[in-house]
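Following: one structure in structure tokens, then a few remarks.
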Amino acid sequence: MDLDHWLGTAADAIADWQRTFGPYDAYPSAQVSDEQLGTALEALTSRLADNYPFFHPAYAGQMMKPPHPAAVVGYLAAMLINPNNHALDGGPATATMEKEVVGRLAAMFGLRTHLGHLTTSGTIANLEALYVARELHPDRGVAFSSEAHYTHARMCAVLGVPGTAVGADATGRMDLDELDELLARGRIGTVVATPGTTGLGAVDRVDQVLAIARRHGVRVHVDAAYGGFFTLLAGQHGIDPAPWRAIADCDSVVVDPHKHGLQPYGCGAVLFADPAVGRFYLHDSPYTYFTSGDLHLGEISLECSRAGAAAAALWLTFQLLPPTPDGLGRLLAASRRAALGWSGLLTASASLELYQPPELDIVCYFPAERAMSAIDAASARILTDGMTTGAAYLSTLRVTAAALARRHPGIHADQPHARILRSVLMKPEHEAFVPELHARVERLVGS
Ligand SMILES: *Cc1c(COP(=O)(O)O)cnc(C)c1O
Numbered sequence: 489m490d491l492d493h494w495l496g497t498a499a500d501a502i503a504d505w506q507r508t509f510g511p512y513d514a515y516p517s518a519q520v521s522d523e524q525l526g527t528a529l530e531a532l533t534s535r536l537a538d539n540y541p542f543f544h545p546a547y548a549g550q551m552m553k554p555p556h557p558a559a560v561v562g563y564l565a566a567m568l569i570n571p572n573n574h575a576l577d578g579g580p581a582t583a584t585m586e587k588e589v590v591g592r593l594a595a596m597f598g599l600r601t602h603l604g605h606l607t608t609s610g611t612i613a614n615l616e617a618l619y620v621a622r623e624l625h626p627d628r629g630v631a632f633s634s635e636a637h638y639t640h641a642r643m644c645a646v647l648g649v650p651g652t653a654v655g656a657d658a659t660g661r662m663d664l665d666e667l668d669e670l671l672a673r674g675r676i677g678t679v680v681a682t683p684g685t686t687g688l689g690a691v692d693r694v695d696q697v698l699a700i701a702r703r704h705g706v707r708v709h710v711d712a713a714y715g716g717f718f719t720l721l722a723g724q725h726g727i728d729p730a731p732w733r734a735i736a737d738c739d740s741v742v743v744d745p746h747k748h749g750l751q752p753y754g755c756g757a758v759l760f761a762d763p764a765v766g767r768f769y770l771h772d773s774p775y776t777y778f779t780s781g782d783l784h785l786g787e788i789s790l791e792c793s794r795a796g797a798a799a800a801a802l803w804l805t806f807q808l809l810p811p812t813p814d815g816l817g818r819l820l821a822a823s824r825r826a827a828l829g830w831s832g833l834l835t836a837s838a839s840l841e842l843y844q845p846p847e848l849d850i851v852c853y854f855p856a857e858r859a860m861s862a863i864d865a866a867s868a869r870i871l872t873d874g875m876t877t878g879a880a881y882l883s884t885l886r887v888t889a890a891a892l893a894r895r896h897p898g899i900h901a902d903q904p905h906a907r908i909l910r911s912v913l914m915k916p917e918h919e920a921f922v923p924e925l926h927a928r929v930e931r932l933v934g935s
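Residue numbers for the sequence shown follow my numbering, so the first one is 489 and each next one is one higher.
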């Protein structure tokens with residue numbers, strides 16, 4: 489795909505549309521010469537060289553990769569107009585696209601009814617879900633697992649809602665017995681289940697969390713910011729379908745198209761199963777909502793201005809790679825095979841240990857040392873050496889002595905925490921690159 493060509497085509501199409509409104513004079517002081525722009529742009533691109541190569545399969549660190557070229561072209565085309573999806577007054581076309589893509593996400597999760605919208609991020613999407621949780625149970629708190637994303641505790645504090653962390657089991661999933669006991673005490677109104685934790689990629693048993701919650705009259709919010717699109721692989725590649733199928737019966741779900749949906753940053757989504765929760769968003773805006781009596785997205789979201797371009801980018805991407813097993817699912821399957829492939833190599837390795845079997849595409853591992861202090865020091869050294877030599881760009885995860893002992897009982901717990909190595913294999917290119925990546929990390933251990 490020739491990105492230059494398609495960016496030019498998009499810009500030309502928007503310029504053609506602009507010309508239909510008749511000529512006018514651009515304000516002179518806003519004009520810059522090609523020479524000025526050329527010089528400034530050179531300075532920008534040289535500064536941008538100070539980045540890790542997120543696009544390359546040797547980058548196997550955080551959940552980062554460039555967007556799909558189609559998303560870039562879609563974003564640019566809409567950005568040249570710069571619609572605001574707050575209201576139909578600000579961008580009728582992209583607001584309609586947003587409703588369409590949100591409908592596709594709802595269908596992906598099997599929601600029978602929904603009310604939802606895109607957000608700037610997973611954090612804001614979760615904030616909205618927890619806000620609705622508080623409005624529905626103003627006198628009860630929110631429970632999430634100790635492995636849940638850190639923003640849940642933080643957003644509970646923002647909302648003034650008591651947040652309670654439930655321990656995790658030996659696989660990093662929410663401990664169901666502990667949850668049951670907590671909910672029996674009657675002080676929790678909503679449980680957050682995380683199918684795909686940010687650290688380990690552990691999949692909370694949404695089905696069992698849901699059964700326990702319903703027994704106690706408690707709501708369930710699903711934080712699938714990272715894991716959500718893996719529902720497309722449910723029942724394949726060793727992915728248990730039950731937690732994914734249960735999302736359809738939960739109360740709300742968050743997914744980040746800017747993680748596994750091939751989008752640039754600025755694209756999260758929140759969906760509620762009961763459209764009646766829209767009443768909690770009721771507000772009056774003296775500035776907007778005047779061109780149409782139809783639903784304006786700002787009427788059902790906490791944010792005001794939002795990039796219509798984000799909806800356009802996701803819409804164009806879904807035309808080509810829809811959120812179906814044969815569309816986007818094929819890319820996630822490659823990531824999943826990469827994780828399974830690498831976990832096989834790690835299991836057979838003499839110098840590296842697999843921390844636990846990967847459930848999605850996050851693989852955690854550590855240098856084969858006998859004490860936590862040695863594991864911690866070697867992991868930190870490999871992280872740094874990998875980045876300075878360019879051999880491999882990894883990330884680290886801090887684990888507790890108890891968590892490590894549950895999985896690897898022989899290790900001497902001479903300190904309370906240790907850093908281990910963590911790789912998110914979120915590019916399909918990782919599948920072919922895994923043997924090379926493994927060899928490089930093994931060499932880093934020995935160096
Ligand atoms: C990334 C992530 C978030 C936060 O989303 P942002 O888009 O980074 O704000 C929340 N929950 C989980 C499980 C995540 O992986």
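Glycine included, each C-beta is placed from N, C-alpha and C at the ideal position.
Original post:
Are the stretch 823–831 and the stretch 753–761 touching by the rule of at least three beta carbon pairs closer than 8 Å?
Top reply: no
Subject >> Opening and closing residue of the alpha helix (DSSP H) in which F760 lies >> reply: Careful: F760 lies outside any alpha helix (DSSP H), inside the beta strand (DSSP E) at 756–760.
Original post:
With respect to 6 Å, is the separation between the Cβ of Y714 and the closest non-hydrogen atom of ligand 1 below this value?
Top reply: yes
Original post:
Run through DSSP, which three-state label would H704 get?
Top reply: coil
Subject >> Contact the stretch 724–731 vs the stretch 777–790: 3+ CB pairs below 8 Å >> reply: no
**OP:** May I have the straight-line CA-CA distance separating M585 from R507, to the nearest angstrom?
**Re:** 24 Å
**OP:** Between the Cα of N614 and those of L624, T639, D627, spot the shortest distance and give me the residue it belongs to.
**Re:** T639
**OP:** Figure out for me which residue from V765, E669, A764 has the closest Cα to the Cα of R703.
**Re:** E669
Subject >> Given P845 as reference, the closest of G832, S633, E919 once Cα atoms are compared >> reply: G832
**OP:** Using a threshold of 7 Å, state whether the C-beta atoms of E616 and L790 are closer than that.
**Re:** yes
Original post:
Roughly how many whole angstroms lie between the Cα atoms of D663 and D873?
Top reply: 37 Å
**OP:** Keeping to the same chain, check which residues put their C-beta closer than 6 Å to that of R886; ignore five residues upstream and five downstream.
**Re:** H905, R907
Subject >> E669 (DSSP reduced to helix, strand or coil) >> reply: Secondary structure at E669: helix, using DSSP grouped into helix, strand and coil.
**OP:** Output the boundary residues of the alpha helix (DSSP H) element that contains P731.
**Re:** 729–733
Original post:
For R886, which of helix, strand or coil comes out of DSSP?
Top reply: strand
Original post:
Does the beta carbon of D814 fall short of 6 Å from some heavy atom of ligand 1?
Top reply: no
**OP:** Would you check whether ligand 1 has a heavy atom nearer than 6 Å to the C-beta of G610?
**Re:** yes
Original post:
Less than 6 Å between the CB of G677 and some heavy atom of ligand 1, yes or no?
Top reply: no
Original post:
Given 8 Å as the limit, is there contact between the stretch 626–636 and the stretch 678–685, that is, 3 or more CB pairs closer than that?
Top reply: yes
Original post:
For Q903, which of A920, R931, D864, V590 has the nearest alpha-carbon?
Top reply: D864
Original post:
For L808, which residues from the same chain have a beta carbon less than 6 Å from its beta carbon, with the 5 sequence-adjacent residues on both sides left out?
Top reply: Cβ within range, chain order: A558.
Subject >> Identity of the residues DSSP links to C852 by a beta bridge >> reply: According to DSSP, C852 bridges with R910.
Subject >> Of the listed residues I676, G660, D665, nearest to T652 (C-alpha basis) >> reply: Of the candidates I676, G660, D665, the one whose C-alpha sits nearest the C-alpha of T652 is I676.
Original post:
From P923 to H746, what distance separates their C-alpha atoms?
Top reply: 27 Å
**OP:** Go to G817, then tell me how far its alpha helix (DSSP H) extends in each direction, as first and last residue.
**Re:** 816–836
Original post:
Taking 7 Å as the CB-CB limit, is C738 close to chain B?
Top reply: Looking at the structure shown, chain B is missing, and only one protein chain is on hand.
Original post:
Which residues mark the beginning and the end of the alpha helix (DSSP H) in which A868 is found?
Top reply: 860–877
Subject >> Bounding residues of the beta strand (DSSP E) (the contiguous stretch that carries V741) >> reply: 740–743
**OP:** Could you check which residue in G705, F718, A672, L667 has the C-alpha nearest to that of V691?
**Re:** F718
Original post:
Relative to the C-alpha of P650, which residue among E666, G629, M643, D657 is closest?
Top reply: Measuring C-alpha to C-alpha distances from P650 to each of E666, G629, M643, D657 identifies G629 as the nearest.
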